[in-house]
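Trainee:
In the working numbering, the protein residues as written are 225 to 383.
Now the structure itself:
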């Protein structure tokens, strides 16, 4: 990460997104567990006014009502958000996953699960944001169509 930040500075970039763990392993935890490295990253970000974002795992199951997958998803997002906070990041980018089972109420399930993440964020006093990234049209991926994103947003605003 230090090399990426130095390249940002070298090329006058003011923002960077990086993946602190394996994108295809929901059980992975970030490798930035060295307090001195975290302080160094935070100082570089602050001193050079670099906007830094993390990108979360691709394996989240926001359409699942399975308690195991929901807990794993929430724990993973919280891990990313806490890392983001420690390095002076602005947020974590998240894909909501797929609706492979073609559930009719998948938007409601996604909204309920997002609200669970927000609940834990509030409990842990995490002030940084998670950013929902829409996807290109890939079969059953959620939010590839802007109407899905609007529907999710409208339902979140009602809560």
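The beta carbon of each residue, even a glycine, is placed where N, CA and C say it ideally should be.
Which class does residue 240 belong to by DSSP, given the choice of helix, strand or coil?
Mentor: On the chain shown, residue 240 is found 16 positions in, with the first residue counted as 1. DSSP places residue 240 in strand when its eight states are reduced to three.
Trainee: First and last residue of the alpha helix (DSSP H) that includes residue 233?
Mentor: Within the chain shown, numbered from 1, the residue matching residue 233 stands at position 9. Under the DSSP assignment, residue 233 falls in the alpha helix (DSSP H) whose first and last residues are 226 to 234.
Trainee: CA-CA distance, residue 271 and residue 264?
Mentor: As a working mapping, residue 271 is identified with position 47 in the chain shown. As a working mapping, residue 264 is identified with position 40 in the chain shown. Spanning the two alpha carbons is a distance of roughly 10 Å.
Trainee: DSSP three-state label for residue 301, please.
Mentor: To locate residue 301, count along the chain shown from 1; it is residue 77. In this structure, residue 301 counts as helix in the three-state DSSP scheme.
Trainee: Just to confirm my understanding: we take residue 315, look at its own chain, exclude 5 residues before and 5 after, and list those with CB closer than 7 Å. What are they?
Mentor: Mapped onto the chain shown, residue 315 falls at position 91. 277, 308, 352, 353, 354, 355, listed in sequence order.
Trainee: Can you tell me the Cβ-Cβ gap for residue 298 and residue 318, rounded? I've got them flagged as a contact below 8 Å.
Mentor: Counted from its first residue, the chain shown places residue 298 at position 74. Counted from its first residue, the chain shown places residue 318 at position 94. About 11 Å separates the two Cβ atoms, so there is no contact after all.
Trainee: Contact defined as beta carbons within less than 8 Å: I believe residue 342 pairs with residue 376. What is the distance between those atoms, to the nearest angstrom?
Mentor: On the chain shown, position 118 is the one that residue 342 refers to. On the chain shown, position 152 is the one that residue 376 refers to. About 13 Å separates the beta carbon of residue 342 from that of residue 376, a gap too long to meet the 8 Å contact definition.
Trainee: Is it the case that the Cβ atoms of residue 321 and residue 286 are separated by a distance below 8 Å?
Mentor: One-based indexing of the chain shown puts residue 321 at position 97. One-based indexing of the chain shown puts residue 286 at position 62. Yes, the pair counts as a contact, with Cβ atoms nearer than the cut-off.
Trainee: With 16 other CB atoms within 10 Å as the buried threshold, where does residue 290 fall?
Mentor: Your numbering for residue 290 matches position 66 in the chain shown. By the neighbour-count rule (16 or more Cβ atoms within 10 Å), residue 290 is not buried but exposed.
Trainee: Specify, as a first and last residue, the run of the beta strand (DSSP E) that residue 343 falls within.
Mentor: To locate residue 343, count along the chain shown from 1; it is residue 119. Run containing residue 343: none in the beta strand (DSSP E); it sits in the alpha helix (DSSP H), 330 to 347.
Trainee: My output table needs one value for residue 263: the three-state DSSP class, helix, strand or coil.
Mentor: Here residue 263 refers to the residue found at position 39 of the chain shown. The three-state secondary structure of residue 263, taken from DSSP, is helix.
Trainee: What whole-angstrom Cβ distance do residue 294 and residue 337 have, given they're in contact under 8 Å?
Mentor: For the purposes of this step, residue 294 is taken as the residue at position 70 of the chain shown. For the purposes of this step, residue 337 is taken as the residue at position 113 of the chain shown. Confirmed, Cβ separation roughly 6 Å.
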